[in-house]
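In this note's numbering, the protein residues as written are 426 to 1351.
Take a look at the structure below.
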Amino acid sequence: DTAMLEKTFDPKTVEPRLYAAWEESGAFAPTDNPNAEPFSIVIPPPNVTGSLHIGHALNNTLQDVLIRFQRMRGKAALWLPGTDHAGIATQMVVERQLAEAGNMGRREMGRDAFVAKVWEWKAESGGTIVNQLRRLGASCDWSRERFTLDPGLSAAVRKVFVQLHKEGLIYRDKRLVNWDPHFQTAISDLEVEQKEVDGAYWHFAYPLEDGSGEIVVATTRPETMLGDTAVAVHPDDERYKGLVGKMVRLPIVGRLIPIVADEYADPEKGSGAVKITPAHDFNDFQVGKRHGLEAINILDAYGKINENAPEAFRGHDRFAARKMIIEQFEALELLRGIEKTRHQVPHGDRSGVVIEPWLTDQWYVDAETLAKPAIKAVEDGKTVFSPKNWDKTYFEWMRNIQPWCISRQLWWGHRIPAWYGPALSTDGDLDYSESALQIFVAETEDEALALAGAHYAAQGYDKRVRVLGSIQECRDGELQAGNELGLFRDEDVLDTWFSSGLWPFSTLGWPEKTSDLERFYPTHTLVTGFDIIFFWVARMMMMGIHFTGEVPFQRVVINALVRDQTGAKMSKSKGNVMDPLVLIDQYGCDAVRFTLTAMSGQARDIKLSEQRIEGYRNFGTKLWNATRFAQMNGCIRVEGFDPGAVTQTLAKWIRGETAKTAAEVTAALEACAYDEVANSLYRFIWNVFCDWYLELAKPILNGSDEAAKAEIQATTAWVLDQCLLMLHPVMPFITEELWEKTAEEGPARAGFLMSEQWPSYPADYIDGSAQAEIGWVVDLVSEVRSLRAEMNVPPGARIPLTLAGAGEEAASRLDRHRDLILSLGRLQSADLGEAPAGSVPFVIGEATGSLAVADFIDLAAEKARLTKEIASHDADIERVNRKLGNPDFLAKAKEEVIEENRTKLADAEAAKAKLGAALKRLEGVS
RNA sequence: GGACGUGUAGCUCAGCGGGAGAGCACCUCGUUGACAUCGAGGGGGUCACAGGUUCAAUCCCUGUCACGUCCACCA
């Protein structure tokens, strides 16, 4: 004897228990059956500092739905999880913690101690998000969990760097970078966010050296004038023709700078003359190059004015300096105007401070070269985007790609495997000046030493070469005495996205030829957000193709952005964030997952409302109670039950509906049409199985025909199992729990639901005549219910139904299902016969049904109803007649469309005639 | 400036060449054992606007308007 199911499902106790059981059993790992086809996805590694937000919840739910589906299909399904070391983000977190705890800062602490602190932090807090993924039910293979700073992944990073350097695809260059004065590091173009802010154009007059006048320039960044080295005008600008080649005296600074002619100057803008600051503006840098101008860097790493500016400004922040400059221009009576404006200003996406273009040496990847095969792979369909249109975004960026600055002046990350040594001057001195340094790129220090040794030996240097801690140590000491030569390693680390770019193959063991790499690379599907197509997807494509010769994934499924119910982006500052963990606590994980799945349409953002989650929580409850109903009615699974052999129409019908649903859901899952997956399941389980099948089954389950009852019991149990199987990928917990609960009776279960086989049925499970027959019963009952409600017939009143004009089939259907029709329609009788007086008619197929509701009938209301129905048929008739009367339509439309319209016309006319007759009778009565 | 996307019921969205759909909300009715986290019924839309293609347009094309996002640029 088994315990009855509780009235509702209790996610709080069930979820942790089931997850632990799954994980412990090893069910998340891919099967080791060598014949199983591999299916792999790699997780977009969340930042190790992260905590699960709603976007993660969506992205990982979709991945889990996919991987659970493929696993059930018998694939060797691998979902490889891991986290990203997240350079800036993590360094930020730990620095903030140090500050809050009143500890010394990272610079006082020193690099090694600080990095050790970060590792310590990672060991304590780095697992947060990984455990939150478990709460989401994510069936990742945790035994393969990776971290971007793992030894294996770090080795992959070094190998990639060295090889690309050898190939000339990584190089060091001095050019303008986006400099973040808060973090004092370079950042890539992608990490720069343009924000619109209030600003102004300040119009400054620069006096001509010869005293013959002035030239006016405008700027939004007055402080940069400290670094001006020219004024440019357009070569065709008549106003300035005579001035080109003359010199102006830069106010405040006193420097003489030339007026140059350059097409960059736009005569339409401002005065047509533009100040040129090559060291602090990307466009000006190019102008400077063309005219051989000096690039004077006036900022230090903190964004303060440096020693290249007049003393009064030194040490002042750029914005303070801006004010000072404006004041001085005003005082000098050289301020020619202020024009308020709103304009886009670059900000650091992490720091939020204004980014400065700054001239430094950095490492770059030749992205243009790497992008070519990556573009081609998508053009050739080796990797496809879903929805397809995202490939446009990908192409757009890839075809205009710029060199990728990969060095970061941070401590947390992969340190760049480059060592520097001095140049040897002819007299044997070691020259450690910046421009003279020799670069040795190698995977290890020993290799770098060997490279350097060979390099210097070739120049006749025969002393020892060794690695020291810094350039300072190299310059100091007795090295210069000529006894030995010091190398020092690059201080910088790599952009975090450099290692993420290797993720699909580095996590599988590359560069070792591991069996995982062999089996699971290329991965099948990447599920990710569009916001990281550039950051991540593009880079994986470039790196994957370059280093493995194959695309890293066959399909990129782009999921939407989750917004709040008003459509606003969720952000902590707006206070509109929905914490998925709170929602899981409140509604259960399955409800949250189902909601995200159902809302995951293709081309738009998801506006999430709690009501929606509540609704899907109710859906879970509905399934739970359907199971409870089945249990109470002895619907126990039967060993060897063959759904193909059922005899009753009702059983055949639900078998067919189940098969139809399975086909729909399978197709939708294959296409990653997640909303269709959810909607198909919802409709089938609630509207078909619960609303109709179980209601239709009740009379049989309560009846005395034991054979019929047994078949329905077995069928019901079977359908429920199919529901659990199909719903499992989306709602893993409640389905697994029901699987377990229903295992207590009937034949033993093999194991977890999650490890079961995905359903697929023979085509003949769908029986056309059963479909038609139950469809007819459903229509009949619906008509009866509708009329009763409209006529305000009291729910308890049992009324007679007659069917006139019924054909043989309808008559026999009525006979076969009379009990059902009586109970579902709350009827007294249901027989063939003419409509009695005081009855209301409805049309069912070729027949006319009549409900004898004389006691409740409201003549006026009934007339109105009939008139309205007739009018609606009339509208149909008119529209279809117009079509059929059009010779072009008859000549050009497809035959089946014409036939369809003829049928439609006949049906509408017949229905109209029946209702018209009834209306006439009614009018006769009154 | 460029690209992409979106305008369908009060709300959120599906449909996308031949009869306007779902969920929620709303209204009416219903508590004697699956489920009130429920059941039955119902109202509600010139499918943004204007042209065009077609026998036929919510659906395809062009344009307009509105909204969103991304990229670039603005001395």
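The beta carbon of each residue, even a glycine, is placed where N, CA and C say it ideally should be.
Check: Closest by C-alpha distance to Leu1228, when choosing among Leu561, Val1202 and Pro1220; Outcome: Val1202
Check: Under 9 Å between C-beta atoms of Asp956 and Val987; Outcome: no
Check: Simplified DSSP assignment, three categories, for Gly762; Outcome: strand
Check: Three-state secondary structure assigned by DSSP to His1153; Outcome: coil
Check: First through last residue of the alpha helix (DSSP H) which encompasses Ala1235; Outcome: Glu1233 to Arg1241
Check: Buried/exposed call for Gln1036, threshold 16 Cβ in 10 Å; Outcome: exposed
Check: Span separating the alpha-carbon of Ile701 from that of Ala580; Outcome: 44 Å
Check: Three-state class that DSSP yields for Asp742 in the structure shown; Outcome: strand
Check: Runs of beta strand (DSSP E) wholly within the segment 499–574 (minimum 3 residues, chain order); Outcome: 501–505
Check: C-alpha gap between Gly1341 and Ala1188, whole angstroms; Outcome: 43 Å
Check: contact_flag[the segment 689–708, the segment 568–575] where n(CB pairs < 8 Å) is 3 or more; Outcome: no
Check: Rounded separation between His971 and Ile983 - CA only; Outcome: 23 Å
Check: Backbone secondary structure at Thr1072 - three-state DSSP; Outcome: coil
Check: Spatial distance of Met429 from Trp1164 (CA atoms); Outcome: 14 Å
Check: Member of Pro1124, Leu668, Phe707 and Ala1331 whose CA lies at the smallest distance from the CA of Gly698; Outcome: Here the sequence assigns Ala to residue 698, which means Gly is not the residue at that position. For the residues Pro1124, Leu668, Phe707 and Ala1331, the minimum Cα distance to Ala698 belongs to Leu668.
Check: Integer Cβ distance of Ala1092 from Tyr1190, believed to fall under 8 Å; Outcome: Their Cβ separation, rounded to whole angstroms, is 16 Å, which puts Ala1092 and Tyr1190 out of contact at 8 Å.
Check: Opposing strand residues paired with Asn472 [DSSP bridges]; Outcome: Asp509
Check: CB of Gly670 within 9 Å of CB of Ile684, strictly; Outcome: yes
Check: Assumed close pair Thr649, His716 - CB separation to whole angstroms, cut-off 8 Å; Outcome: Not really, about 17 Å apart at Cβ, beyond 8 Å.
Check: Residues that Tyr845 bridges to, as DSSP identifies them; Outcome: Ile864 and Phe913
Check: C-alpha gap between Arg531 and Arg914, whole angstroms; Outcome: 19 Å
Check: Spatial distance of Asn731 from Asp742 (CA atoms); Outcome: 10 Å
Check: Run of the alpha helix (DSSP H) containing Arg680, from where it starts to where it stops; Outcome: From DSSP, Arg680 is part of no alpha helix (DSSP H); its letter is neither H nor E.
Check: Close beta carbons around Gln753, own chain, < 6 Å, minus the five adjacent residues each side; Outcome: Ile677
Check: Straight-line gap, Gly577 to Gly934 (C-alpha atoms, nearest Å); Outcome: 7 Å
Check: DSSP three-state assignment for Leu951, whether helix, strand or coil; Outcome: strand
Check: Within the segment 1161–1236, ranges of the alpha helix (DSSP H) (whole runs, at least 4 residues); Outcome: 1193–1215
Check: Per DSSP, cross-strand counterpart(s) of Leu1106; Outcome: Answer by DSSP bridge pairing: none, since Leu1106 is not bridged.
Check: Euclidean distance between Cα positions of Ala1142 and Asn485; Outcome: 32 Å
Check: Candidates Asn528, Asn825, Leu477 and Tyr1118, of which the one nearest Val1007 by Cα; Outcome: Leu477
Check: Distance between Asp920 and Gly838 (C-alpha atoms, nearest Å); Outcome: 8 Å
Check: Test item: CB-CB of Lys432 and Pro463 under 9 Å; Outcome: no
Check: Span separating the alpha-carbon of Asp435 from that of Leu443; Outcome: 12 Å
Check: Separation of Gln588 from Lys1166, as counted between CA atoms; Outcome: 57 Å
Check: Inter-residue Cα distance where the pair is Asp426 and Trp546; Outcome: The predicted model places Asp426 with a pLDDT of 42, which falls under 50 and marks its position as unreliable, so this point remains unresolved.
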